[in-house]
Amino acid sequence: MFRFVIGLLIVLLSILPIPAAQAQEIEIQEAPKPVLVNSEPITAGAVMREYAWDVTGGPAKVYVIEVDLKNPHVQIEVIPGSGKITQRLNVSAMAKNTGAVAAVNGDFFNTQGEGAPIGPMVTAGRLISSPAKLTGIYALGITADRKAHIDSFFFDGKVTAPNGKEFELSGLNKTIYWEEPAGIHSHADKLHLYNDMWGGKTRGHDSYTTPTEMLIDKGKVVDIVQGQYFDFPVPEGMLILRGHGRAASFLVENFKVGDPVDIKYSLEPARNWSMIVGGHALLVDEGKRVPYTKDISALGGVRARTAAGVSKDGSVLYLVGVEGRTANSKGLTLSNLSIFFETIGAWRAVNLDGGGSTTMVSRPLGEWNTTRVFAPEQANERFVVNAIGIFSSAPQGKLQGILLDGEKVLLIGEEAFYSIKAYDEFFNPVDASALPVNWSTSGPAGIMEQNRFTAKEPGLSEITARSGSITAKLPVEVIGKRGISSFTLSGTLGQVVQGSEAPLNLTLNTVSGKSRKIPAHLVDWQFYGVKGRVSEQGVLTIQDSGSSDYGFVVARYQGFSAPLALQFAGEKLLESFAALQQLSYQGHPAEVQGQLRLAADPQGTNAQVARLDYNFVNAAGTSAAYVRFNNGDGLSLDGNAQALLIDVYGNNSGEWLRAELQDGAGTVHRVDLAQRVNWSGWRTLQVDLKTASYTHPLVLKRIYPVVPEDQRGQRPLQGALYFKNLKLKFDSSPVTSQAPRRTLVLTVGQKELAIDGHVREMDVAPVIVNGRTLVPVRFISEALNSQVLWNGEARNATVIQGKRWIDLWPGDDIMVVDGQRVDLDVAPQLMNGRTMLPLRAVAQALDLTVHWDPATHQITLR
C-alpha cells in the first residue's frame, strides 16, 4: 500500500498545494511585449490571432482563438474524448468527429488513471463530472445566456434509502485522487455515482479500495454486488453507486433489489451552465497577473501551454495555445503566460493542461477541415480526456472573398499550379470549383498560363485571380543564389551503413525572411567520399561507402550548397529474411489472424523477403502479430554493437511497429521501431543498443505491429509488412569539424609559408585587395589538413575540413559555410591561374584565429 500511495502522489504532484513562496517562478520577463503578426477569421464570432514574443527562454509563438459570445452563430462545448469519460482521444480526432471548427485540449487528468478529468465537466447542459475536492482549483464555464466565467466549483450530494437513512455523495464520474487539504483517499469510505457517460468497466479503480456496487434503473435497485465491480460499463440510461467501507455498508444494509433510490446533487455556483471544463490555478485575476498558487514542479519551465481567459463582462473568451519545444517556439513559463493574458486584456485567466497535451486545431479560412495550428511537443498528439470545441451554426451566406493558394517561393525553372479558396459573409467555406476565374501576373519573375506559373528569373511577381468583382492577389518570389540566406539538408541518418536508405529533407530560407521545403527533384546532387543516389522523392540510398569513415551528400541549387555529413560504421548481417527456417509467427490474442511467409520484393528486385500478414478485426483488446526469432528463443546480440538495423517496407498505413529485447538480467524491454509506419517503400529502422537501462548481453525475441485497445479505430486492423536485412551496426571514430591544430606564418608579397616552423614555397604570394588579404586557397587549405575541390565548369572552390563544408566563387562576394550564407568584404579572385580567397573570412569559417602584424605585414594563423 505504501508503494501505491507514493506512486499516486508523484502522478498527481501537479495538483498538491505548496506555500506560495515556493510556487512562484522567479523569472518574470517584462519586455519586449508580444507582437500580433497575423489575424484571420475562423467563423462568425471567432478569430485566430498569432503573436510572436521574444522572451528569456527563447522565441515564443502564441495563438489565441478569440470568441465573441455575443455572436449567436458561435457555440462553445466540451468534447468528451471518444464520446465518454475514460475514452481518451486526440484533439484533431475530437474536432473531426464532432464537426468543430476549432478546438484545444481541456482539463488535467491522471495519466496513470482511468482517463477522467480532474475538474468539473458539463456538456450540453448536463453535469458529466463533479469537481475534485482540491484547493485553489478553477474551471471555465459558459452559461445559457452566453456569459463566460472562471470560478471555483463545489459539489454537494446525498443518497437517501427507503428507510430514511442518508449518506453523503462524494462525486460523480470520478477516478481516484487525494482530497485536499486533508490528503485523504477520494474513494475510501466514500460513495460515488457513475452514469452512462462513464465508459470503463472499472470505477475508481486501485488496489486500495475494494468496491461494492449497486445498479440502478429508473430510480430502482436492479442488482448489488459486493467486493467487486459489475463486469460491464454503466448501461445506457442506468446508474451505478460505488461504495467502499462505511459507504459499502450503507448500500448493503439499507437497500435490496427493487427498492427506490433517492439521489440528489448540485453544483455550486448554481448558474444555468451550458458547459464547464476544469482547469488548474489562476493566471490573471481582475485584469492583473497573480502568483501561481499550486505546485509547479511538474508544470514549471519553458513549455507548450494551454489556457483560457475571459473578459470582464464575460462576453469574450480567449483560448490560448503556446507552441513549445520546437525549432520555431521554445514555449513560455507560467509567469510569462500570466503576463500574456494581462497584455491582451483578459479579466480572469486559468491554466489548462499543457506540456505534451497542448494541442490546438482550427479551420483555416476558406477550407473545410481543421488542421493542427502548431506541432505538439512530441512526435504525435497525446490522447486526452476532453477538449474545448468551437462550433458554428452560421447559415450559408453570399460570397464574401477568395484566397489564392499555392507556393510563395519558387526556384528558377519550377512550375507551380495555383487554386482559389472561397468563403462567405459568415466565413463559412464555399465550394470554389464552380467559380469562373481569370488569371494574370505582373512582374518579371515568370509567366502565367491559366493557373500555371513558370518561374523564369530571380525577382518578384504578383499573381492575380479574379472571379466576378472579387479579386485575390498573391506575391511570388523566384529565388536565385543571391536570394538564399541558408539551405539546410537533414535526415535521420547518424551513422550509416552500405545499402541503408533514409528520407532527406531540404529547407531553403530566403534573404527576405521566407522559408520553404524544397522537393529533391529540383536540385542537383553531389557525393563526396561515398557513392549513392537520391530519388525524386528525396530518399537517399548508400551504394558504397568506400574505405572512408565519413562522406558528404550535398544538394545544390544555383551552386548554393546544402551539405550533410555522413558517418559510416561497420555492419554484421544477422538475418536476411530470404528463408524462414529460424522464424515463426504468433498472434495475440488467439483471435488474431495472420501468417509469416516468403514473398517477392514489392519493389521489384526479384529478391525473396519476409511478408507478415496480420488481421486484428476479430480480436478484442490489445492485439499484436509477432515475428519470433529462433522459434521464440531469440537472437543473441553482440555487446559491442551500437544499434540494431532492419529494413521495413511500408504502405503508409500507420502501424505501430515494435521490437522486444530481453537483457542479461531477464528484464524485457519493448522499444519502438516506428511509432507510425508513415512511409511507402523500404526504410531502414534503428534501435539504440547502448541505452543505460540495458544489462548486456541482449537477446532479440521478436518484432511486431501492435494496436492497443485505446487506439483501435486510429490504426489499421489488417495489412501487411515486409522485412529484410536485420543487421548490427558497430561504431567508428567520430568525425570532427577540425583537423589537428597547426601554426601558419606567411607574409604579404612573399611566397614563403611556414607550417609549424617548416618553410615551403607557394607559387602565388598573398596580396592585399581593398584592405583584405587574399591567399591561395590550395596551399593554405592543404597546410591546414583540409581538402580542396575545384569545379571549373561552375567556377566553384570547395574547402572541406572534417564536417565543415565551405563553398566560394571567384568574383562573387558571398561564401557558403555548412549551408549558411556569409557576406564577404572582398570577393575571391583568380590570379595567375590560382584561386585567391579572403583569408580572415575563411579562417573564421574554420574556427582559426588570425594575428596581423602591420609592421612586418606578417600573418599568423592558429
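In the working numbering, the protein residues as written are 5 to 866. Glycine included, C-beta positions come from ideal geometry on N, C-alpha and C.
Keeping to the same chain, check which residues put their C-beta closer than 8 Å to that of residue i; ignore five residues upstream and five downstream.
| i | result |
| --- | --- |
| Thr347 | Lys37, Pro38 |
| Glu756 | Leu750, Val763, Arg764, Glu765, Met766 |
| Ser43 | Val51, Met52, Arg53, Glu54 |
| Asn656 | Val681, Asn682, Trp683, Ser684 |
| Leu602 | Ala582, Ala583, Leu584, Gln612, Val613, Ala614, Arg615 |
| Trp440 | Here residue 440 is Pro; the residue named in the question, Trp, does not match the sequence. Contacts found: Ser471, Gly472. |
Using the rule of at least 16 other Cβ atoms within 10 Å of the residue's Cβ for burial, across every protein chain shown, is residue i buried or exposed?
| i | result |
| --- | --- |
| Lys728 | buried |
| Ile451 | exposed |
| Gln599 | exposed |
| Asp317 | exposed |
| Arg866 | exposed |
| Ile14 | The predicted position of Ile14 is uncertain, since its pLDDT is 33 and thus under 50; a value taken from the coordinates is nonetheless stated next. Its Cβ having fewer than 16 others within 10 Å, Ile14 is exposed. |
| Ile772 | exposed |
| Pro264 | exposed |
| Leu40 | exposed |
What is the rounded straight-line gap between the Cα of residue i and the Cα of residue j?
| i | j | result |
| --- | --- | --- |
| Arg706 | Gly636 | 7 Å |
| Gln33 | Thr60 | Caution is warranted here: a pLDDT of 43 is assigned to Gln33, below 50, making its placement in the model unreliable, and the coordinate value is therefore given only provisionally. Taking the straight line joining both Cα atoms gives about 7 Å. |
| Asp357 | Ala426 | 35 Å |
| Val226 | Leu219 | 5 Å |
| Arg367 | Pro433 | 9 Å |
| Ile300 | Ala308 | 14 Å |
| Lys518 | Val413 | 7 Å |
| Leu843 | Ser490 | 22 Å |
| Leu512 | Arg560 | 11 Å |
| Ala148 | Glu81 | 12 Å |
| Ser565 | Leu834 | 21 Å |
| Lys807 | Leu748 | 22 Å |
| Glu575 | Lys731 | 6 Å |
Consult DSSP for residue i and reduce its assignment to one of helix, strand or coil.
| i | result |
| --- | --- |
| Arg53 | strand |
| Thr347 | helix |
| Met201 | coil |
| Thr102 | helix |
| Arg674 | strand |
| Val557 | strand |
| Val846 | helix |
| Arg719 | strand |
| Lys731 | strand |
| Ala251 | helix |
| Phe783 | helix |
| Asn509 | strand |
| Asn373 | coil |
| Asp227 | strand |
| Arg329 | coil |
| Arg486 | helix |
Out of the options, which has the shortest C-alpha to C-alpha gap to residue i?
| i | options | result |
| --- | --- | --- |
| Ser3 | Leu704, Gly161, Leu336, Ala611 | Residue 3 lies beyond the range of the chain shown here (5 to 866); nothing can be said about it. |
| Leu493 | Ile394, Trp529, Ser516 | Trp529 |
| Val557 | Ala758, Val779, Gly823, Pro45 | Gly823 |
| Gly484 | Val229, Trp856, Ile180, Arg825 | Arg825 |
| Ser627 | Ala583, Pro709, Gly717, His861 | Pro709 |
| Trp443 | Ala436, Ser437, Arg456 | Arg456 |
| Thr860 | Glu595, Ser471, Ala391, Gly753 | Gly753 |
| Arg746 | Gly796, Ser785, Ala769, Pro479 | Ser785 |
| Ile46 | Lys65, Leu173, Gly393 | Gly393 |
| Val105 | Ala391, Gly87, Val854 | Ala391 |
| Gln232 | Pro215, Lys222, Glu240 | Pro215 |
| Gly249 | Leu841, Asn114, Lys694, Ser190 | Ser190 |
Return the chain-ordered list of same chain residues with a C-beta closer than 7 Å to the C-beta of residue i, the five sequence neighbours on each side being excluded.
| i | result |
| --- | --- |
| Arg719 | Gly658, Glu659, Trp660, Val711 |
| Gly204 | Thr90, Glu118, Pro237 |
| Phe171 | Lys162, Val163, Leu195, Ala251, Phe254 |
| Lys268 | Gly161, Lys162 |
Quick one: what's got a C-beta closer than 6 Å to residue i's C-beta in the same chain, skipping five residues either side?
| i | result |
| --- | --- |
| Arg386 | Gly360, Ser361 |
| Lys1 | Given that the chain is displayed from residue 5 to residue 866, the structure contains no residue 1 and the question cannot be resolved. |
| Asn509 | Ser494 |
| Gly328 | Arg307, Ala308, Gly335, Glu381 |
| Ala611 | Asp605 |
| Val108 | Thr310, Leu323, Gly325, Met364, Ile392 |
| Ser465 | Thr445, Gly447, Ala449, Gly450, Val480 |
| Arg838 | Val768, Pro780 |
Answer yes or no: the CB of residue i versus the heavy atoms of the ligand NAP, is any distance below 7 Å?
| i | result |
| --- | --- |
| Tyr698 | This structure lacks the ligand NAP, and indeed carries no ligand of any kind. |
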